[in-house]
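Asker:
There are 2 protein chains.
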Amino acid sequence: MALGRLEDQQRRDAVAAMAAALEAAADRIVAANQADLEAAAADGLPAALVARLKLDASKLAAAIDGVRQVAQLPDPVGVRQLHRELDAGLVLERLSVPLGVLGVIFEARPDAVMQIASLAIRSGNGALLKGGREASRSCAAILEALRAGLASSAVAPQALELLTSREESLGLLKLDGLVDLIIPRGSNELVRFIQDNTRIPVLGHADGICHLYVDREVDLAQAVRIAVDAKTHYPAACNAIETLLLHREAAPAFLAAALPTFAAAGVELRGDAASQALGVSGAAADADWRAEYSDLVLAVRVVESLDQALEHIGCYGSRHTDAICTTNASTAETFLRSVDSAGVYVNCSTRFADGFRYGFGAEVGISTQTLPPRGPVGLEGLVTYRYLLRGDGHIAADYGSGARRFSHRDLPL
Amino acid sequence: MALGRLEDQQRRDAVAAMAAALEAAADRIVAANQADLEAAAADGLPAALVARLKLDASKLAAAIDGVRQVAQLPDPVGVRQLHRELDAGLVLERLSVPLGVLGVIFEARPDAVMQIASLAIRSGNGALLKGGREASRSCAAILEALRAGLASSAVAPQALELLTSREESLGLLKLDGLVDLIIPRGSNELVRFIQDNTRIPVLGHADGICHLYVDREVDLAQAVRIAVDAKTHYPAACNAIETLLLHREAAPAFLAAALPTFAAAGVELRGDAASQALGVSGAAADADWRAEYSDLVLAVRVVESLDQALEHIGCYGSRHTDAICTTNASTAETFLRSVDSAGVYVNCSTRFADGFRYGFGAEVGISTQTLPPRGPVGLEGLVTYRYLLRGDGHIAADYGSGARRFSHRDLPL
Chain A
1 MALGRLEDQQ RRDAVAAMAA ALEAAADRIV AANQADLEAA AADGLPAALV ARLKLDASKL
61 AAAIDGVRQV AQLPDPVGVR QLHRELDAGL VLERLSVPLG VLGVIFEARP DAVMQIASLA
121 IRSGNGALLK GGREASRSCA AILEALRAGL ASSAVAPQAL ELLTSREESL GLLKLDGLVD
181 LIIPRGSNEL VRFIQDNTRI PVLGHADGIC HLYVDREVDL AQAVRIAVDA KTHYPAACNA
241 IETLLLHREA APAFLAAALP TFAAAGVELR GDAASQALGV SGAAADADWR AEYSDLVLAV
301 RVVESLDQAL EHIGCYGSRH TDAICTTNAS TAETFLRSVD SAGVYVNCST RFADGFRYGF
361 GAEVGISTQT LPPRGPVGLE GLVTYRYLLR GDGHIAADYG SGARRFSHRD LPL
Chain B
1001 MALGRLEDQQ RRDAVAAMAA ALEAAADRIV AANQADLEAA AADGLPAALV ARLKLDASKL
1061 AAAIDGVRQV AQLPDPVGVR QLHRELDAGL VLERLSVPLG VLGVIFEARP DAVMQIASLA
1121 IRSGNGALLK GGREASRSCA AILEALRAGL ASSAVAPQAL ELLTSREESL GLLKLDGLVD
1181 LIIPRGSNEL VRFIQDNTRI PVLGHADGIC HLYVDREVDL AQAVRIAVDA KTHYPAACNA
1241 IETLLLHREA APAFLAAALP TFAAAGVELR GDAASQALGV SGAAADADWR AEYSDLVLAV
1301 RVVESLDQAL EHIGCYGSRH TDAICTTNAS TAETFLRSVD SAGVYVNCST RFADGFRYGF
1361 GAEVGISTQT LPPRGPVGLE GLVTYRYLLR GDGHIAADYG SGARRFSHRD LPL
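Same order as they appear, the protein sequences are chains A and B. Just so you know, we're using the numbering used here here: the first sequence kicks off at 1 and counts up by one. Just so you know, we're using the numbering used here here: the second sequence kicks off at 1001 and counts up by one.
#1: Against chain B, does A/Asp286 count as a neighbour if the rule is that its beta carbon must be under 8 Å from one of theirs?
#2: Compare the C-alpha of B/Ala1257 against each of B/Ala1221, B/Leu1102, B/Gly1171 and name the closest.
#3: Taking the alpha helix (DSSP H) that A/Gly420 falls in, what are its first and last residues?
#4: To which residues does DSSP link B/Ser1281 through a beta bridge?
#5: Report yes if the CB atom of B/Phe1356 is closer than 8 Å to the CB atom of B/Glu1363, and no otherwise.
#6: Could you name the residues of the same chain whose beta carbon sits closer than 6 Å to that of A/Arg405, not counting the 5 residues immediately before and after it, in chain order?
#7: On the DSSP bridge assignment, give the partners of A/Ile465 in chain order.
#8: Taking Cβ-Cβ distances shorter than 8 Å, what residues in chain B pair up with A/Thr368?
#9: May I have the straight-line CA-CA distance separating B/Ala1047 from B/Lys1054, to the nearest angstrom?
#10: Verify whether the separation of the beta carbon atoms of B/Arg1290 and B/Ala1342 is less than 8 Å.
#11: How about A/Asp392: is its C-beta nearer than 8 Å to some C-beta of chain B?
#12: Could you tell me the alpha carbon to alpha carbon distance between B/Phe1193 and A/Leu246, rounded to whole angstroms?
#13: For chain B, is any of its Cβ atoms less than 8 Å away from the one on A/Val344?
#14: Do three or more CB pairs link the stretch 316 to 333 of chain A to the stretch 1364 to 1384 of chain B at distances below 8 Å?
#15: Which residues in the same chain as B/Ala1323 place their Cβ atom closer than 6 Å to its Cβ, once the five residues preceding and following it in sequence are excluded?
#16: A/Leu162 bridges to which residues according to DSSP?
#17: In chain order, what residues of the same chain lie with their CB nearer than 7 Å to the CB of A/Leu99, ignoring the 5 residues before and after it?
#18: State the beta-bridge partners of A/Cys325 as determined by DSSP.
#19: Taking Cβ-Cβ distances shorter than 7 Å, what residues in chain A pair up with B/Cys1315?
#20: Under 8 Å, Cβ to Cβ, is there at least one residue of chain B near A/Asp384?
#21: How about B/Tyr1293: is its C-beta nearer than 8 Å to some C-beta of chain A?
#22: Please name the residue or residues paired with A/Gly375 in a DSSP beta bridge.
#23: Can you check which of these residues, B/Ala1277, B/Gly1279, B/Asp1272, B/Asp1219, is closest to B/Phe1287 by C-alpha distance?
#24: For A/Leu49 versus A/Glu134, is the C-beta spacing smaller than 8 Å?
#25: A/Arg222 versus chain B: which residues are under 7 Å apart at the beta carbon?
#26: With a threshold of 8 Å between beta-carbons, can A/His211 be considered close to chain B, or not?
#27: When you compare each of B/Asp1176, B/Val1113, B/Gly1171 to B/Ala1145 by their alpha carbons, which one comes out closest?
#28: Can you tell me whether A/Pro372 is buried or exposed, with buried defined as 16 or more other CB within 10 angstroms of its CB?
#29: Please say whether A/Val155 and A/Leu3 have beta carbons closer to each other than 8 Å?
#30: Counting C-beta neighbours from all protein chains within 10 Å, is the total for A/Pro74 16 or more, i.e. buried, or is it exposed?
#31: What's the C-alpha gap between A/Leu244 and A/Ala299?
#32: Suppose you measure from the CA of A/Tyr122 to the CA of A/Leu203; what does that come to, to the nearest Å?
#33: Report the rounded CA-to-CA distance for A/Ile29 versus A/Gly365, giving the unit in angstroms.
#34: Can you list, in chain order, the residues of its chain with a C-beta nearer than 8 Å to that of A/Leu173? Leave out the 5 residues immediately preceding and following it.
#35: Just tell me which of B/Ala1263, B/Ser1294, B/Ala1264 has its CA closest to the CA of B/Asp1207.
#36: Across which residues does DSSP place B/Pro1098 in a beta bridge pair?
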């Protein structure tokens, strides 16, 4: 595909042209979004969906800024990951290359179109984009602008295609061999539906059930601050905690300090019997340990030991991000080595699990799959690699016969 | 899982103990294999299967050597891939960690049990292994030895489990969440069946349809040598070529030189009309361009241009390994940039697509998936990574409010 052969600067310029074209079309995009909002109101769409759908002039300006920032990110393509002489005159290289074509499926949020489209072009990939029906006018206006921008660049406008019908969206899931990666942006239900209905790799996570474990040896004031931040800073985020595990010996003092703070922040606590005995007013059922509340609700359990906390996380966690508060360095290291999650934290909030906070510049999504890419994924999630081997008549039979031998000498990257 | 917490030396020692135990049980293993072979003869198993099933004393000794070599491979676990200060006292690390549990399904070949089991333990993974029914006695004897070896090491023998029934094997495919990667070793049909019946990632490839394109500007003698090696050195291998594409201007001279050589090597050629006009005796049907012969058969097509060759490879290839023979450096670079296969080669045989030849020391398999790991996969295909974040009371709200700012300063790896 021609897009994959373009130089860094050409892809940078194309993304910059996309930003300029969005700016030029700002009035039209905001007007289209206004029409979507009116239709949503007439259809009685839930307020949360309407909020995500809304794209006013200032939100649009921020999104265009985001596109400009993507143009500035270091090129993920053409990075030499391996460079090795196999024998005199036979040199192996491993180079990062674009994946090919991305399938992007998102609900409501028209700003996601701009973000993902710019990440796709920056990394040399084409994209098939499918937005929610409720955002159809906004998405069409945005895509028109993005493609107008590409028309003035080295990238063909056809590199970005908008899918509009549910049939096209279902069809997209069947395009294995043509589409290389599906990126869903939306509810857990959307992500799970997609995972169940495609053989194409899916970058994303269905659940974010994050834990904070407060150890026996702990700086209580710090632990309370971290717990409150991890729950309340943005409760709808996947990296907010859903369950608090308290070591038996720390639980009384911790809860005495934390209960008023949680109450002041409007957090509803649901505890096991032991934590209820220490003042937690709500009761947790088994379903609470598996719940992603995405809201100001927090399950609380008192555990006997670090091992019991690890067991709880292994059983109920979703391998997203889990944290410990402890002043004991050896306990911290055991936790870091034992929790098999994309992010394992000591003495800080789970809310740091984010591509921007990790310094990736932009985030494609957060993956809770075991295989890489895992956790917050930057542009590197949109590339793969190829092995390039340059020889001068080298044949395998010469090595089988012993006529020649491999040198396997690493060369400078 | 405890295995994931062991040190490098403990895992090395465990693999060495596996090798020693195999040696001690050699007579019993060879006898068990003999019984499998007799049963296979009684059942009238095809000769090719019987050949793969056979494990005599010298083949076993070679396999044990292979296990010892795996013990010597550099540790793939605990490699720091990223080290970054996010802010004073808040430090992010990305460390390689074992995947967890591998599901390994292979036909016949009992030597594959030893190879994969040692790679699994070396990289800190457990493995559920399912061999073919025809190899059941051999596999049981090998597993007994491997577990006896582990019993004298820091790794629990339960890290390796043998599945024996077809029901268990089908059940394995459903263990998403418990099994992290499926590694099939066997026929294309086996691999495709597994890919179609599991949501667990599969490391492997169903097809190896490799091409050699002979350019207009070419060293003819070299091109003939490479074509013959790539087809005949080991025709059953997935990295053997199945289709030869000849530039119109090079085809007459190339075929004049190559036809006698191919004939002498017993290669049956199937050509399009143009190559038949130049002396290729067999006729290629459309199905031939999609065929993985795995035999001394080669499809031949005359193309008008590099572009037509690229189009053919894009249409019929399996993204495994494709090569060009050319003396024109710019043509070579266009080919390297345009062919989207795991391996893209210039002036050498496709038979180099192999983990040992790449210098990986051992090979888990060859993947034709687009996403990494791609191509020949060494031990690095059996690890993933975790982000570890160590702080001292850091909370996200301080960065949202502007009270603190990220430094994003890379530290030495």
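Ideal Cβ positions, reconstructed from N, Cα and C, are used throughout, including at glycine. Note that the structure is predicted; figures quoted are calculated from it, not measured.
Answerer: On the basis of the coordinates in this document:
#1: no
#2: B/Ala1221
#3: This structure does not reach residue 420 of chain A, given that chain A is present from 1 up to 413, and the question cannot be answered.
#4: Its beta-bridge partners do not exist; DSSP assigns none.
#5: yes
#6: none
#7: The requested residue 465 of chain A does not occur in the structure, where chain A is confined to residues 1 to 413.
#8: Within chain B, no residue comes near A/Thr368; the closest Cβ sits about 11 Å away, beyond 8 Å.
#9: 11 Å
#10: no
#11: yes
#12: 46 Å
#13: yes
#14: no
#15: Leu1212, Tyr1345, Thr1350
#16: A/Leu129
#17: Asn125, Asp180, Leu181, Leu382, Val383, Thr384
#18: A/Val214
#19: Under the 7 Å cutoff, chain A gives no residues; its nearest Cβ is about 11 Å from B/Cys1315.
#20: Note that residue 384 of chain A is Thr in the sequence shown, not Asp. True, the Cβ-Cβ gap to chain B drops below 8 Å.
#21: no
#22: A/Ser367
#23: It should be noted that the sequence gives Ala, not Phe, for residue 1287 of chain B. Here the closest residue by C-alpha is B/Asp1272.
#24: yes
#25: Reading the sequence as shown, one finds Gln at residue 222 of chain A and not Arg. Within chain B, the residues near A/Gln222 are Gly1393.
#26: no
#27: B/Val1113
#28: buried
#29: yes
#30: exposed
#31: 6 Å
#32: The sequence given here has Arg at residue 122 of chain A, not Tyr. Each residue's Cα considered, the two are about 18 Å apart.
#33: 25 Å
#34: Gly103, Ile182, Ile194, Asn197, Thr198, Ile200
#35: B/Ser1294
#36: B/Val1383
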